[in-house]
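Residue numbers (our numbering): -7 to 352. Ideal Cβ positions, reconstructed from N, Cα and C, are used throughout, including at glycine.
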């Protein structure tokens, strides 16, 4: 008997719970489903292309070894300022350096011969002008001096060319700038063509960004760009696209997918000491509309290949077809179907249908 009473009690409780749920559903239906809404207004619609870019130097040179050999001493380190012609390292004595010394010895000998010949030619000129020497003798001494001068010029050029091609003169900075990378250490042996130093002109930097080809086709030189890095507290909203490279290059994405990407160069408006190689967020404005009738992108959905929104009218959801224009970052331009002041439903749930009572 006790068990029967307990069973009846559970049946009564279950029925009561079901009744509460039913009453809640009926109540919600009568009061209307609560929805998030927004008002159609007029304003700016901007289409942005977002990507990550890298700080690059306008002029960067990687210096390579011209021949094989051992590094005796590295004279600079990363961060050092150098001027064109500054010596960067010393290497072991090579056969080329020995050849250069031999040629320089020959040059010194020619210089001594030329000095003697020039002195003789000058004396003979005086004697010729005084009538004490024939023109033939004077001309012969003068010609000999000129020939030696020509040999000196030729040998000097040969030595300079040999020094540059062989690296025997040592490794020097080709430009004014900052040493941004040192690839070698003293005592190491390098082969011809190996990278030794990287020098960059940090006084003139820009941002390089690689866009997928479809996005790059939307970009034009002069488009406004916002460049920023929230972690570094850096923002430059007045940048411009300065160059769009012609060729699309195949590059691997972070997800391991090969994509055709086009390099875009962005000019900064601020003279800021950004770290070379650091990443910056990029927002390129490729199109915009001013004072456009616009709607939140959360309100628009597609149905049978047409665009729709739900408009709230007399407390009910009304399906409205819309013609869209420019699709921006948060807003979409509406060409027809909506007017300023219309109330629309954001992110409508599946339960919202034509004629559904709603509460905003």
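query                                                                                                                                                                        : result
By how many angstroms is the C-alpha of residue 180 removed from the C-alpha of residue 65?                                                                                  : 10 Å
What three-state label does DSSP hand residue 143 in the structure shown?                                                                                                    : helix
Straight-line CA distance for residue 333 to residue 294?                                                                                                                    : 22 Å
What runs of the beta strand (DSSP E), each 3 residues or longer, lie entirely inside the segment 261 to 293?                                                                : 271 to 288
For residue 326, list the residues DSSP reports as bridge partners.                                                                                                          : 316
Just curious, the alpha helix (DSSP H) that residue 82 is in, first and last residue?                                                                                        : Looking at the DSSP string, residue 82 is not in any alpha helix (DSSP H); the run it does join, the beta strand (DSSP E), is 79 to 83.
Measuring only the C-alpha atoms, how far is residue 286 from residue 73?                                                                                                    : 54 Å
How far does the alpha helix (DSSP H) with residue 206 in it reach, from first residue to last?                                                                              : 205 to 208
Which value, in whole angstroms, describes the spacing of the CA atoms of residue 81 and residue 167?                                                                        : 16 Å
Quick one: is residue 106 buried, meaning 16 or more other Cβ sit within 10 Å of its Cβ, or exposed?                                                                         : buried
Please determine, among 338, 327, 304 and 329, the residue with the shortest C-alpha to C-alpha distance to residue 347.                                                     : 304
Would you kindly report the start and end of the unbroken beta strand (DSSP E) that includes residue 37?                                                                     : 33 to 49
For the beta strand (DSSP E) containing residue 259, name the first residue and the last one.                                                                                : 250 to 259
Would you call the segment 118 to 126 in contact with the segment 96 to 106, where contact means no fewer than 3 C-beta pairs closer than 8 Å?                               : no
With a threshold of 8 Å, are at least 3 pairs of Cβ atoms found where one atom belongs to the segment 48 to 63 and the other to the segment 195 to 202?                      : yes
Buried or exposed for residue 227, please, with buried defined as at least 16 other CB atoms from any protein chain shown within 10 angstroms of its CB.                     : exposed
Can you tell me whether DSSP reads residue 351 as helix, strand or coil?                                                                                                     : strand
Evaluate residue 31 with the Cβ neighbour count: other Cβ atoms within 10 Å of its Cβ, from every protein chain shown; 16 or more gives buried, anything less gives exposed. : exposed
If residue 271 sits next to residue 34, beta carbons under 8 Å apart, how far is it from one beta carbon to the other, in whole angstroms?                                   : Residue 271 to residue 34, Cβ: 37 Å. No contact.
By the 10 Å Cβ neighbour count, where 16 or more other Cβ atoms means buried, how is residue 13 classified, buried or exposed?                                               : Residue placement at residue 13 is flagged as unreliable, the pLDDT there being 39, under the threshold of 50; the coordinate-derived value follows with that caveat. So residue 13 ends up on the exposed side.
Can you tell which of 76, 350 and 331 has its C-alpha closest to the C-alpha of residue 192?                                                                                 : 76
CA-CA distance, residue 177 and residue 165?                                                                                                                                 : 17 Å
Between 118, 95 and 132, which has its C-alpha nearest residue 151's C-alpha?                                                                                                : 95
Would you kindly work out how many angstroms separate the C-alpha atoms of residue 337 and residue 322, rounded to a whole number?                                           : 15 Å
Touch check for the segment 246 to 257 and the segment 295 to 314: three-plus C-beta pairs under 8 Å?                                                                        : no
Among 139, 174 and 143, whose alpha-carbon lies nearest the alpha-carbon of residue 69?                                                                                      : 174
May I ask which residues mark the beginning and end of the beta strand (DSSP E) holding residue 63?                                                                          : 61 to 66
Could you give the first and the last residue of the continuous beta strand (DSSP E) run that contains residue 215?                                                          : No beta strand (DSSP E) contains residue 215, which DSSP labels as neither H nor E.
Residues in the same chain with beta-carbon distance under 7 Å from residue 148, minus the five sequence neighbours each way, listed in chain order, please.                 : 99
Provide the residue(s) that pair with residue 178 in DSSP beta bridges, ordered along the chain.                                                                             : According to DSSP, which records beta bridges pairwise, residue 178 is partnered with nothing at all.
Classify residue 223 as buried or exposed, calling it buried when 16 or more other Cβ atoms lie within 10 Å of its own Cβ.                                                   : exposed
Is the beta carbon of residue 171 less than 9 Å from the beta carbon of residue 71?                                                                                          : yes
How many Å lie between residue 185 and residue 62 at the Cα?                                                                                                                 : 14 Å
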